[in-house]
Amino acid sequence: MSQRAESSQRGGVVVEFEPDDIRNARAKKARSIPGSALIYLKGPKFLIYVSGALSMWGDRMWHFAISVFLVELYGRNLLLTAVFGLVVAGSVLLLGALIGDWVDRNPRNKVAHASLFIQNISVTICSIVLMLVFSYKQRIEQIWDGWLTVVCYTVVIVLADVANLASTALTIAIQRDWIIVITGYNRGHLAGMNATMRRIDQVTNILAPLAVGQVMTLASNVVGCGFILGWNLVSLIVEFFFLSRVYRIVPALSVKPPTAVDQATLQGLDRRRSQVVQPLAEDNSDASLHLNEITYLPLCFRSFRWLVSTCKDGWRSYYQQPVFLAGMGLAFLYTTVLGFDCITTGYAYTQGISGSLLSLLMGVSAITGLMGTVMFTRLRKMYGLINTGIISSCLHLGCLLLCVCSVFAPGSPMDLSLLIPYFTSNSSSELGGMASQRQKHTSPLRGGSNQPLLPDRSSIHWTNNTVLFDNVPSGSAPESYISIILLFMGVITARIGLWSFDLTVTQLLQENICESERGVVNGVQSSMNYLMDLLHFIMVISAPQPQHFGILVLISVLFIATGHTMYFLYAHKAKRKRHLNT
355 MSQRAESSQR GGVVVEFEPD DIRNARAKKA RSIPGSALIY LKGPKFLIYV
405 SGALSMWGDR MWHFAISVFL VELYGRNLLL TAVFGLVVAG SVLLLGALIG
455 DWVDRNPRNK VAHASLFIQN ISVTICSIVL MLVFSYKQRI EQIWDGWLTV
505 VCYTVVIVLA DVANLASTAL TIAIQRDWII VITGYNRGHL AGMNATMRRI
555 DQVTNILAPL AVGQVMTLAS NVVGCGFILG WNLVSLIVEF FFLSRVYRIV
605 PALSVKPPTA VDQATLQGLD RRRSQVVQPL AEDNSDASLH LNEITYLPLC
655 FRSFRWLVST CKDGWRSYYQ QPVFLAGMGL AFLYTTVLGF DCITTGYAYT
705 QGISGSLLSL LMGVSAITGL MGTVMFTRLR KMYGLINTGI ISSCLHLGCL
755 LLCVCSVFAP GSPMDLSLLI PYFTSNSSSE LGGMASQRQK HTSPLRGGSN
805 QPLLPDRSSI HWTNNTVLFD NVPSGSAPES YISIILLFMG VITARIGLWS
855 FDLTVTQLLQ ENICESERGV VNGVQSSMNY LMDLLHFIMV ISAPQPQHFG
905 ILVLISVLFI ATGHTMYFLY AHKAKRKRHL NT
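Just so you know, the sequence shown maps onto residues 355 to 936 in our numbering.
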């Protein structure tokens with residue numbers, strides 16, 4: 355009753371989720387009907403799976419390819435890639451609430467179709483620009499003293515950023531709103547769809563970059579751009595048709611309650627009408643003067659005021675949600691170097707790990723991620739959603755203890771003396787003595803112990819969403835591999851608990867956010883995720899040497915432990931509230 359009253363005060367709509375026993379009885383009855391497989395293939399769930407797979411495959415190919423293209427365009431330098439990453443993260447951070455508010459305000463089919471069209475057309479135009487730049491790069495560099503090249507770089511980054519924003523809107527619309535309605539607000543079906551969508555994402559995360567990477571390697575960058583262009587055009591047509599069919603066969607998708615902001619606006623208009631009638635009767639000249647002042651207010655100021663107000667209302671709504679602590683806990687998990695990104699891969703390279711072994715480890719990590727989705731569905735049936743999050747958190751933290759042990763294990767290159775130059779301003783002679791002392795304590799990484807975690811592009815072989823290095827120096831092996839073995843054992847096994855916890859928080863957000871605020875709250879959640887992800891890059895910039903990586907591991911575990919602590923607090927409050935209600 356408390357949740358229903360609270361949601362009604364905010365103008366939201368509370369829905370009752372169907373119990374699991376009713377769901378199981380209905381599923382058993384459906385299996386006994388002849389031709390149920392054909393019905394399933396024509397049903398909304400399968401259409402959403404296919405549409406999501408096409409979208410995810412295209413996103414993974416594009417995210418991998420655009421990073422490689424930007425590196426190739428700028429003389430095998432990582433500057434454009436870094437600028438692109440900063441623009442993408444900053445735009446979602448600033449516009450996440452506005453995107454979510456736009457999703458809430460408009461009909462579901464228009465949001466999905468507009469997001470899909472903008473995303474695919476942006477990638478298509480960007481691919482055409484890249485094909486022209488790669489084909490006529492020397493001529494373009496000679497026009498306008500090279501400024502046309504800068505214009506092309508800017509256009510590519512802006513279009514890629516627009517595509518990412520549209521992809522964010524489409525993800526919020528489909529995975530945070532549509533599937534809730536499609537499952538009929540059934541917790542069991544919702545958990546199954548969430549887990550299936552995450553499995554599709556895990557598989558495409560590995561296979562899609564490999565596919566486009568092979569095309570780029572065997573053919574050329576121009577052919578790679580053409581391949582992505584063709585994929586997006588075909589995917590646009592197929593996804594548009596599938597989503598339109600889902601919208602037609604699920605009538606509930608066409609029913610969307612007004613947002614709390616819309617209701618407040620209607621109430622405000624009624625009050626204004628009643629207040630404006632009296633001044634017109636008493637003093638017509640004063641009323642007309644007041645209306646003229648409002649009318650002649652510059653449009654830019656009115657638009658800016660609306661944008662700021664929308665963002666503020668979105669963040670306030672996010673803070674007021676009963677699952678606020680759970681969402682914040684998930685966001686804190688993004689501040690980590692303990693994943694298969696370019697940071698961890700670069701560190702593994704400095705420790706003598708070959709590219710082929712890294713590829714194998716990435717495959718194993720994908721399998722453990724899939725195991726996490728299976729574990730989530732089974733734990734939820736046995737212990738409930740909140741307890742599943744607690745178990746997943748404990749498993750995640752327990753596996754990460756191996757990463758903590760790797761920092762102090764034999765073979766670890768961690769050297770705290772390297773941090774002294776960042777906090778002191780001694781003379782150059784003192785720094786020289788410090789450097790000589792540093793070499794005594796550092797693990798003997800022949801081949802450059804002080805090389806950064808991200809080496810030059812010339813030694814990188816791009817085969818996935820992370821960088822795999824070839825031409826490894828012959829003498830780059832540490833004294834012991836115990837540290838790096840413990841590190842990757844912790845990272846790989848922790849993905850079981852990580853993805854189970856991620857699915858838990860995702861479903862908690864789906865079940866507890868009222869229908870009229872799903873878009874804006876999930877938009878703010880995306881902003882928080884990008885904000886915490888930016889912090890981990892700032893950490894690496896502050897401590898870029900391999901000898902600093904152990905400190906980054908400890909900081910990452912601290913952030914992850916803080917995130918899980920937030921979830922524990924949420925679970926305690928939720929259980930206490932449930933106990934009081936019963």
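Positions of the beta carbon are idealized from the N, C-alpha and C atoms, including for glycine.
Give the C-beta separation of residue i and residue j to the nearest angstrom, bearing in mind that I take them to be a contact with Cβ-Cβ under 8 Å.
| i | j | result |
| --- | --- | --- |
| I905 | M768 | 7 Å |
| G454 | N876 | 6 Å |
| N474 | N586 | 4 Å |
| V907 | V761 | 5 Å |
| I740 | K929 | 7 Å |
| I511 | V566 | Not confirmed; about 19 Å, so no contact. |
| G717 | V845 | That pair is no contact at about 14 Å. |
| T847 | T722 | 6 Å |
| V446 | L519 | 7 Å |
| E593 | S409 | 6 Å |
| V504 | I494 | Between I494 and V504 the Cβ distance is about 10 Å, and since that is not below 8 Å, they are no contact. |
| H933 | F855 | With a Cβ gap of about 23 Å, H933 and F855 do not count as contacting. |
| N935 | P676 | With a Cβ gap of about 13 Å, N935 and P676 do not count as contacting. |
| C757 | L888 | At roughly 22 Å, the Cβ-Cβ gap does not stay under 8 Å, so C757 and L888 are not in contact. |
| M920 | L679 | 5 Å |
| R849 | S719 | 6 Å |
| I479 | L424 | Between L424 and I479 the Cβ distance is about 16 Å, and since that is not below 8 Å, they are no contact. |
Would you kindly work out how many angstroms separate the C-alpha atoms of residue i and residue j, rounded to a whole number?
| i | j | result |
| --- | --- | --- |
| I533 | Q901 | 46 Å |
| S746 | D667 | 32 Å |
| W456 | M843 | 43 Å |
| K931 | L711 | 49 Å |
| K320 | F471 | Outside the shown range of the chain, which is 355 to 936, sits residue 320, and nothing can be said about it. |
| S713 | A545 | 30 Å |
| D458 | S671 | 13 Å |
| S834 | V422 | 33 Å |
| V557 | C654 | 45 Å |
| N540 | T550 | 15 Å |
| E871 | Y403 | 24 Å |
| L852 | I528 | 22 Å |
| K927 | S598 | 41 Å |
| S708 | L661 | 49 Å |
| F922 | R553 | 26 Å |
| A419 | A573 | 14 Å |
| A925 | D531 | 24 Å |
| V874 | S881 | 11 Å |
| H918 | V911 | 10 Å |
| L449 | W411 | 25 Å |
| L440 | L392 | 46 Å |
| W669 | I526 | 16 Å |
| F596 | N883 | 29 Å |
| S405 | R659 | 37 Å |
| L427 | Y601 | 42 Å |
| A407 | K396 | 16 Å |
| L564 | V894 | 27 Å |
| T537 | V509 | 41 Å |
Using beta-carbon positions only, say whether residue i and residue j come within less than 8 Å of one another.
| i | j | result |
| --- | --- | --- |
| G752 | S837 | no |
| G580 | M725 | no |
| V516 | S469 | no |
| T916 | F686 | yes |
| I507 | L434 | Per the sequence presented here, residue 507 reads as Tyr, with Ile not at that position. Closer than 8 Å, so yes. |
| R665 | A466 | The displayed chain sequence assigns Cys, not Arg, to residue 665. Against a cut-off of 8 Å, the Cβ pair of A466 and C665 comes out as no contact. |
| P398 | I560 | no |
| T689 | M886 | yes |
| S521 | D695 | no |
| V691 | H890 | yes |
| Q879 | L862 | no |
| T742 | L755 | no |
| G946 | V588 | For residue 946 there is no data in the structure shown, the boundaries of the chain being 355 and 936. |
| M415 | I591 | no |
Looking at the C-beta of residue i, does it have a partner C-beta in chain D at a distance below 8 Å?
| i | result |
| --- | --- |
| A928 | Protein chain content of the structure displayed is limited to a single chain, and chain D is not contained in it. |
(request) Just list the alpha helix (DSSP H) runs in the region 530-564, keeping only unbroken ones of 4 residues or longer that don't cross its boundaries, in chain order. (result) With a minimum length of 4 residues, the unbroken runs of alpha helix (DSSP H) contained wholly in the region 530-564 fall at 533-536.
Q) Curious, which full-length alpha helix (DSSP H) runs of at least 4 residues does the region 468-527 contain? A) List check, alpha helix (DSSP H) in window: 491-496 and 501-527.
Just to confirm the assignment: which complete alpha helix (DSSP H) runs, minimum length 4, are found wholly within the region 850-906? The DSSP assignment places 872-896 as complete runs of the alpha helix (DSSP H) inside the region 850-906, in order along the chain (cut-off: 4 residues).
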